[in-house]
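Visitor: The structure's right below; bear with me while I get my questions together.
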């Protein structure tokens, strides 16, 4: 079976969630679960000030676009392209171009599986970066961002610091 890639689909602005729902319904009806793996509308948290109050809301990262993880063939191309609200794939002419690893990374998509030799509660040493030669206790591990939050002593107080996996080693 061919490899699945992420493709960008252009939609009418404001129809992103409807297109996502329509594609997912078509996948279910035509039993294309093995070929169209995931449909996403990328969102980001934005802090808004309204009437003097701060509030965090989710906004679309790319209005008018939907991301689809699929195996590209004639059937899947036809299903997605002919979904109501879709104007086409992003790419030259009628040939869709898959996203590269570098383009997907900022979107938080397809993070490589990274294993670390430490866990929450372990003491680790920072071997690079601003906090080099600092020792701290792991409070939290975030595999999606590939960071560990450790407590370090700063001005006589325990302070949480976020460190990249590449900058630490187990003691």
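Numbering (the numbering used here), first residue to last: 893 to 1063. Each residue gets a CB set at the ideal place from its N, CA and C atoms; glycine is no exception. Predicted, not measured: the structure shown is a model, and the values here were computed from it.
1. Compare the Cα-Cα distances from residue 938 to each of 978, 948, 1063 and report the closest residue.
2. Compute the Euclidean distance between the alpha carbons of residue 1020 and residue 1053, then round it to the nearest angstrom.
3. Considering Cα atoms alone, identify which of 1060, 1058, 957 is closest to residue 904.
4. Less than 8 Å between the CB atoms is what I'm expecting for residue 929 and residue 961, so what's the real figure, rounded?
5. If you check the beta carbons only, do residue 981 and residue 931 fall under 8 Å apart?
6. Using only alpha-carbon positions, find the residue among 1060, 916, 991, 945 that is nearest to residue 1026.
7. Note the first and the last residue of the continuous beta strand (DSSP E) segment covering residue 897.
8. Could you check where the alpha helix (DSSP H) with residue 909 kicks off and where it finishes?
9. Put residue 935 into one of helix, strand or coil per three-state DSSP.
Guide: The relevant details are as follows:
1. Counting from one through the chain shown, the residue named residue 938 turns up at place 46. When each option's Cα is compared against that of residue 938, the closest is 948.
2. On the chain shown, position 128 is the one that residue 1020 refers to. On the chain shown, position 161 is the one that residue 1053 refers to. Answer to the nearest angstrom: the Cα atoms are 14 Å apart.
3. Taking the first residue of the chain shown as 1, we reach residue 904 at position 12. The residue with the shortest Cα to Cα distance from residue 904 is 957.
4. Your numbering for residue 929 matches position 37 in the chain shown. Your numbering for residue 961 matches position 69 in the chain shown. Correct: roughly 5 Å between the Cβ atoms.
5. Locating residue 981 in the chain shown gives position 89, counting from the first residue. Locating residue 931 in the chain shown gives position 39, counting from the first residue. No. Outside cutoff.
6. Locating residue 1026 in the chain shown gives position 134, where the first residue counts as 1. Residue 1026 has its Cα closest to that of 1060, out of 1060, 916, 991, 945.
7. Reading the chain shown from its first residue, position 5 is the one you call residue 897. That run of the beta strand (DSSP E) goes 897-903.
8. For the purposes of this step, residue 909 is identified with residue 17 of the chain shown, where counting begins at 1. Where residue 909 is concerned, the enclosing alpha helix (DSSP H) stretches over 908-922.
9. For the purposes of this step, residue 935 is identified with residue 43 of the chain shown, where counting begins at 1. Strand.
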